[in-house]
Each structure stands twice: as C-alpha cells, then as structure tokens.
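First residue of the sequence shown? That's 1 in the UniProt record's numbering, and the numbers climb one at a time after it.
Think of the CB as a built atom: it goes at the ideal place given N, C-alpha and C, for glycine as much as any other residue.
Note that the structure is a prediction, hence the values are computed from the model and not measured.
Data block below; observations after.
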Amino acid sequence: MEGILPLWKERGMTSHDCVFKLRKILKTKKIGHGGTLDPDVDGVLPICIGKATKVIEYMVDSGKIYEGEITLGFSTTTEDRSGEIVEKKEVETPLTNEQIDAAMNQMNGTITQIPPMYSAVKVNGKRLYEYARNGETVERPRRTAEIHSFVRTTEPTWDEEAKTQSWRFKVICGKGTYVRTLSVDTGALLGYPAHMSDLSRLASGGLSKEQSLTLEQVAQVMENHTINDVLLPIEYGVSSLKRVDITEEVWEKVKNGMRLSYEVFSLKKMPEEEIALFYEGNVVSIYLPNPKEKNILKPSKVLRNE
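This is the structure:
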C-alpha cells in the first residue's frame, strides 16, 4: 500500500496517536505524518504511506490555512487555553473593530517569532517543552514566519463579567508559523495579555478539510476494500517542486543513481532547488544541485527504479 491520505485529526489525540491507530487500521507499518498538530487542535493532517513517506518534507514545506479564536484579558504558560494563567489585565472597555483590524494587519508579511516554551523546537539538543515541564526557562532563538493573510472573521465578543474580549480569525501562513504566538503578539500590539482560545487547521500540504477523512471513516473504507479510492498518488506530494519530464535514455541513467549535468534534463539553466523527475507520468526521483560539482545535479531521493 502506498499513497497520501488526507486525514482529519480530531481533538484529544496527538498526531502520533493517529499514526499508531492507522498502522492497525491499514495493517502497514510504514506510515508518517506531515506537520504536527497539538492535541487540543483538530484539522488536516497529511498522512504518507509506503514510499510516499519519502515526500513528507515537501508537503510540510507548503502553506497552511487555520481558523481560530484570540482572547484578550489573560495569557497562559502554553499560549493557548490549556495552560495556566500567567498574566491578567481586564478589558474594561471593548476595543473597536478598527483597532483590532489595524493590529492584525501589522502581523502580515514576514514577521519574527519567539517559539513558545511548550513547543518541539530544540535548544541545546533538548526540546523546549522538556525544559518547560521541568520549570526551566531558556533563551529561545527568534525565527521568521511568513503570514500571507491574517483577518478577523467575526464580530468581537466582550464578556462584561470576565472582562475579556474574543474574536475569530483566519490565517494563511508558511511553514513553521506558531499561531499561538501570533495570537499573543496581536494582543501585545493592542496592549493586553492574550492567548489562542481555539484552533482548527483547514488546509495543509495542499490538502483541504473537504477531502479529509476521520479515523472512523478510514476504518470504514478499509472494511469496504475501497482504500485505494481515497489515497492520493505520490505525485501529489511533490507538486510544490519543479517538474521535469525525462526521456527513456535519461531514465536509464537516473535509475542507476548517476550524477548528471542540468543540460541532460533539457533545462536552460542550473536549478537552485530540488526538481522532481517524471518518467511516463510517474515521479521517479528527486534531484538537487551538487555543491561539490558545478552545473551537476545528484539524486536526493529515489522513488522508483524499475
């Protein structure tokens, strides 16, 4: 079995839980996921099966779409609703739509973020959440993130009793974006401690919510022996790479793992990034520039050699 499965991860389970359950449902061990989702978050989780596990990284590199909710009034240790309260500041008077939209607009484009302490980023060989669980704080490296669109999607709600204000949003962003941190930083621009009070991932790796299946639905499809009807081909996973169709003559060289000049692939100039080689409509290999040899490409991943 091989291919790409658009899975809808439900709340209350980790991304690894999903892979563990899918191994039992699909009766195969070679399964990986693209782009971890926190247990409290539901959404699209690209699953790669068999040889498709080799293309996970190219799916992770593509953009993501989220919808969620920001709440002003208090911040938490985890930057979402699951953490303990760190700072409080009551929203005595509700902010206007104009104030909120202006702050959100400032977050568009290339921004820098400090990853949350409760995240999988490694510092000195140890994941940040491991430090956090031990009550330790370490200096976290700043990272850049690309925000293509960040907009409010509902009217803000002011809770007069709790003295908090919330609204829903939609964000289209590049890989490595922490939406929790985006929420906190938006609150800071507005002068309030804030946290992300809800989140769903609507799209990832070119896969959408509409085409995704729950674990229960996957089990049903397996029972009906129609799993191949819902699996996407490996080719789907390399759609973000430049496609190069090769001849039979070149294919003979490629399947033997030869390093080749860019001119062999009928390219006008040396590519700067990886390219996906296709033979007879199927992706067969990923080639990338060889830093040790000028104008030469070498195999990065062999997907088919027969």
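Inspect the beta-carbon positions of residue i and residue j and report whether they are closer than 9 Å.
i       : j       : result
Ala-276 : Arg-243 : yes
Leu-7   : Cys-18  : yes
Val-91  : Thr-154 : no
Thr-76  : Val-60  : no
Ile-56  : Gly-3   : no
Ser-200 : Ser-62  : no
Tyr-192 : Leu-72  : yes
Lys-301 : Ser-285 : yes
Phe-74  : Ala-194 : yes
Ser-149 : Ile-70  : no
Arg-180 : Pro-116 : yes
Asp-159 : Arg-81  : no
Glu-79  : Ser-183 : yes
Cys-173 : Tyr-66  : yes
Pro-271 : Tyr-262 : yes
Leu-37  : Leu-215 : no
Thr-137 : Tyr-131 : yes
Ile-296 : Leu-260 : yes
Thr-112 : Ile-147 : no
Val-264 : Val-250 : yes
Glu-274 : Leu-241 : yes
Ile-114 : Arg-133 : no
Gly-35  : Lys-64  : yes
Leu-202 : Val-230 : no
Is residue i helix, strand or coil by DSSP?
i       : result
Thr-93  : coil
Leu-190 : coil
Ser-200 : strand
Glu-67  : strand
Thr-14  : coil
Thr-144 : strand
Lys-29  : coil
Lys-170 : strand
Thr-153 : coil
Thr-76  : strand
Thr-181 : helix
Leu-303 : coil
Lys-24  : helix
So, is residue i buried or exposed, given that buried needs 16 or more other C-beta atoms within 10 angstroms?
i           : result
Ile-234     : buried
Val-254     : buried
Phe-169     : buried
Val-171     : buried
Phe-20      : exposed
Asp-42      : buried
Ala-145     : buried
Gly-257     : exposed
Val-44      : buried
Ser-208     : exposed
Ser-266     : exposed
Asp-185     : buried
Lys-294     : exposed
Lys-292     : exposed
His-225     : exposed
Lys-126     : exposed
Lys-9       : buried
residue 309 : The requested residue 309 is not part of the displayed model; the chain covers only 1 to 306.
Gly-206     : buried
Measure the beta-carbon distance from residue i to residue j and round it to whole angstroms, keeping in mind my assumption that it falls under 8 Å.
i       : j       : result
Val-151 : Met-104 : 7 Å
Thr-53  : Lys-30  : 6 Å
Pro-39  : Gly-68  : Wrong, their Cβ atoms sit about 15 Å apart, outside the cutoff.
Pro-156 : Ile-100 : 6 Å
Leu-5   : Val-238 : Leu-5 to Val-238, Cβ: 16 Å. No contact.
Gly-176 : Arg-143 : 6 Å
Quick check: does the Cβ of residue i come within less than 8 Å of any heavy atom belonging to the ligand NAD?
i       : result
Gln-211 : The ligand NAD is not part of this structure, which contains no ligands at all.
Tell me, please, whether the CB atom of residue i is closer than 9 Å to any CB atom in chain C?
i       : result
Glu-280 : In summary, chain C is missing from the structure at hand, where a single protein chain is found.
Please specify which runs of the beta strand (DSSP E), each continuous and at least 3 residues long, are wholly inside the segment 34-64, giving them in chain order. 42-49
Contiguous beta strand (DSSP E) assignments of at least 3 residues, all confined to the segment 204-281: 242-245, 275-279
Entirely enclosed alpha helix (DSSP H) segments - the segment 86-140, minimum 4 residues: 97-105, 128-133
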